[in-house]
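Protein chains: 2
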Amino acid sequence: MIKKKKGLVIVNTGNGKGKSTAAFGTILRAWGRGMRVCAIQFIKSEKGKWGEVKAAQKLGIEWISTGDGFTWKSKNLDETTALARHGWEIAQEKIASDEYDLIVLDEFTYPLHFGWLDVSEVVAWLKEKKPLMQHLIITGRNAPQELIDFADLVTEMKEIKHPYKDQEISAQPGIEF
Amino acid sequence: MIKKKKGLVIVNTGNGKGKSTAAFGTILRAWGRGMRVCAIQFIKSEKGKWGEVKAAQKLGIEWISTGDGFTWKSKNLDETTALARHGWEIAQEKIASDEYDLIVLDEFTYPLHFGWLDVSEVVAWLKEKKPLMQHLIITGRNAPQELIDFADLVTEMKEIKHPYKDQEISAQPGIEF
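Residue numbers (this note's numbering), protein chains in the order written: chain A, 91 to 267; chain B, 91 to 267.
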């Protein structure tokens, strides 16, 4: 079997922890090797993602938050859709520029899952425009089947035990956000 | 419900990708917040973990490889056991020192799973000696049930699709190691 080298499309999905942190760990690994990396966040978490944003600033890693001021709980669907489209335009620009070895689209499954972006259009665009050697990591719950079919590597992070539901423990800064 | 704050014992297990990279992502997040972090690797991967070791060096993060020169495929069981015990002694020293906010024991499930270390003894020691506010992340396949019972947060990284088995694609530096 002749193995080929190509940029991987990686999806981290599931209801458990570690989808985004595994992407950030891969950013760290790639950055350690001097690769050009970029992270684009699609959903502004209610708790923020201060730890990783601060780390990225310290490391000089490009970190773009496209969802400032909106969450997927927004009641204004037009606004939500417009913001998701705006975020996807930024991602398209970064991907097509071919200036990065690794791009992370953090929480990108949500605009696809909720239909703010058309998953068929997104996959078709990636098939045509993503540079061959560029790695792309997409995180978030409920990855659509069409995205899974397109991806090279898919991992489900499955919750086995969770301290905030099962026990009386608070979320911890630096660990959980 | 009154929620308490405590250091979490986190286990990333399962046959999928992301167990170690999620731990490294959490290190990055914690480091971004100025927390004191330390990683201890128990198994020297055949491909090495150059990306993360290089990143840790650049960041000034303490990164200890206890398994240099041995792998869990070693045929010399006495030597393997001695090396696992040596690694655990280093980990015990770091944990008990209370000089870290977050310690990662990477691939630590293997010495437990293969019986080179006694899981009951390890859990009993952690119950007694781990500083209350210190976070501990343990990664690796086949996490023993006793460790899962002890942990606060357990995630199974489950392989849904893998490029090296299903497709003709090589492992990629910076992404996979």
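Here a beta-carbon is modelled for each residue, glycine too, at the ideal position from N, C-alpha and C.
Nothing here was measured: the structure is a model prediction, and the numbers come from that model.
Exercise for the section: Can you give me the start and stop residues for the beta strand (DSSP E) that GLN224/A sits inside? Expected result: From DSSP, GLN224/A is part of no beta strand (DSSP E); its letter is neither H nor E.
Practice task
Please specify which runs of the beta strand (DSSP E), each continuous and at least 3 residues long, are wholly inside the stretch 180-219 of chain A, giving them in chain order.
Solution key: Taken in chain order, the complete beta strand (DSSP E) segments of 3 residues or longer contained in the stretch 180-219 of chain A are 192-196.
Exercise for the section: Count the other CB atoms, across all protein chains shown, that sit within 10 Å of the CB of HIS176/A; report buried if there are 16 or more and exposed otherwise. Expected result: By the 10 Å Cβ count, HIS176/A comes out exposed.
Problem - Proximity winner among ALA261/A, GLN235/A, GLU183/A, relative to ILE250/B (alpha-carbon distances) - result: Cα-wise, what sits closest to ILE250/B is GLN235/A.
Exercise for the section: Quick one: list the residues of chain B neighbouring VAL194/A, beta-carbon separation under 9 Å, in chain order. Expected result: Contact of VAL194/A with chain B by beta-carbon distance below 9 Å is absent, the smallest such distance being about 10 Å.
Problem - ILE238/A, enclosing alpha helix (DSSP H) - first and last residue - result: Per DSSP, ILE238/A belongs to the alpha helix (DSSP H) from 235-240.
Handout entry: Closer than 7 Å at the beta carbon, the chain A residues around GLY108/B
Key = Chain A residues near GLY108/B: ASN102, GLY108, ALA112, THR245, MET247.
Problem - LYS148/A: contacting residues in chain B (beta-carbon distance under 9 Å) - result: The contacting residues are TRP121, GLY122, LEU149.
Exercise for the section: Give me the Cα-Cα distance between GLU169/A and SER155/A, rounded to the nearest whole angstrom. Expected result: Between the alpha carbons of GLU169/A and SER155/A lies a distance of about 16 Å.
Problem - chain A within 7 Å of TRP145/B, Cβ atoms only - result: Here residue 145/B turns out to be Ala, not Trp, going by the sequence shown. Output row for ALA145/B: interface = yes.
Exercise for the section: Could you please tell me which residues of the stretch 179-191 of chain A, in chain order, have their CB closer than 8 Å to any CB of chain B? Expected result: Per Cβ criterion, the list reads ASP191.
Practice task
With DSSP collapsed to three states, give me the class of LYS251/A.
Solution key: DSSP places LYS251/A in strand when its eight states are reduced to three.
Exercise for the section: Taking only beta-carbon positions, decide if HIS225/B is within less than 7 Å of chain A. Expected result: Yes, its Cβ sits closer than 7 Å to a Cβ of chain A.
Handout entry: C-beta neighbour in chain A for ILE250/B, strict 7 Å
Key = It does; some Cβ of chain A falls within 7 Å.
Exercise for the section: Go ahead and label ALA241/A buried or exposed: buried means 16 or more other beta carbons lie within 10 angstroms of its beta carbon, across all protein chains shown. Expected result: Answer is buried; the Cβ neighbour count reaches 16.
Handout entry: Secondary structure of GLU266/A, DSSP reduced to three states
Key = In this structure, GLU266/A counts as coil in the three-state DSSP scheme.
Problem - Three-way DSSP call (helix, strand, coil) for LEU243/B in this model - result: If DSSP states are grouped into helix, strand and coil, LEU243/B belongs with the strands.
Practice task
Step through the CB atoms of chain A and report whether any lies within less than 7 Å of the CB of THR199/B.
Solution key: Residue-level contact check: THR199/B does not touch chain A, since none of the beta carbons of chain A fall below 7 Å from its beta carbon.
Practice task
Look up ALA129/A in the DSSP assignment and say whether it is helix, strand or coil.
Solution key: ALA129/A: strand per DSSP, three-state reduction.
Practice task
To the nearest angstrom, report how far apart LYS95/B and GLY124/B are at their CA atoms.
Solution key: If you draw a straight line from the Cα of LYS95/B to the Cα of GLY124/B, it is about 19 Å long.
Exercise for the section: Specify whether the stretch 112-124 of chain A and the stretch 199-215 of chain A touch according to this definition: at least 3 beta carbon pairs, one from each stretch, less than 8 Å apart. Expected result: Touching, no, given that fewer than three Cβ pairs across the two stretches are closer than 8 Å.
Exercise for the section: Measure the Cβ-Cβ separation of THR229/A and ASN102/A and say whether it is below 7 Å. Expected result: Result yes, Cβ atoms of THR229/A and ASN102/A sit closer than 7 Å.
Handout entry: Same chain, Cβ closer than 8 Å to LEU243/A, five either side skipped, listed in chain order
Key = Closer than 8 Å at the Cβ level, and outside the excluded window around LEU243/A, lie LEU98, VAL99, ILE100, VAL101.
Handout entry: Beta bridge counterpart(s) of ASN102/A as assigned by DSSP
Key = Note: ASN102/A sits in a beta bridge opposite THR229/A, THR245/A.
Problem - DSSP three-state assignment for ILE151/B, whether helix, strand or coil - result: Coil, per DSSP.
Problem - Beta carbon proximity, THR170/B to chain A, threshold 7 Å - result: Not one chain A Cβ lies under 7 Å of THR170/B.
Exercise for the section: Can you tell me which of the three DSSP states THR116/A falls into? Expected result: DSSP places THR116/A in the helix class (H, G or I) of the three-state scheme.
Problem - Within chain B, partners of ILE265/A - CB distance below 8 Å - result: Within 8 Å Cβ-Cβ: LEU98, ILE100, THR116, ARG119, ALA120, LEU192, HIS225.
Handout entry: For GLU189/A and ARG126/A, the rounded distance between their alpha carbons
Key = Between ARG126/A and GLU189/A, the C-alpha separation is close to 7 Å.
Handout entry: Cβ-Cβ distance between LYS109/A and THR245/B below 7 Å
Key = With respect to the 7 Å criterion, LYS109/A and THR245/B are not classified as neighbours on the basis of their beta carbons.
Problem - Whether ALA186/A touches TRP153/A by CB criterion (7 Å) - result: The Cβ atoms of ALA186/A and TRP153/A do not sit closer than 7 Å to each other.
Problem - Own chain residues within Cβ distance below 8 Å of GLY104/A, not counting five before or after - result: Taken in chain order, the residues that qualify are ARG231, THR245, GLU246, MET247, LYS248, GLU249.
Practice task
Classify GLY97/B as helix, strand or coil using the three-state DSSP reduction.
Solution key: It is coil, neither helix nor strand.
Handout entry: Minimum C-alpha distance to ASP208/A - residue among ALA145/A, ALA174/A, HIS225/A, ALA261/A
Key = Selected option, being the one with the closest Cα: ALA174/A.
Problem - ASP239/B versus ILE193/A: straight-line alpha-carbon distance, rounded - result: One alpha carbon belongs to ASP239/B, the other to ILE193/A, and they sit about 37 Å apart.
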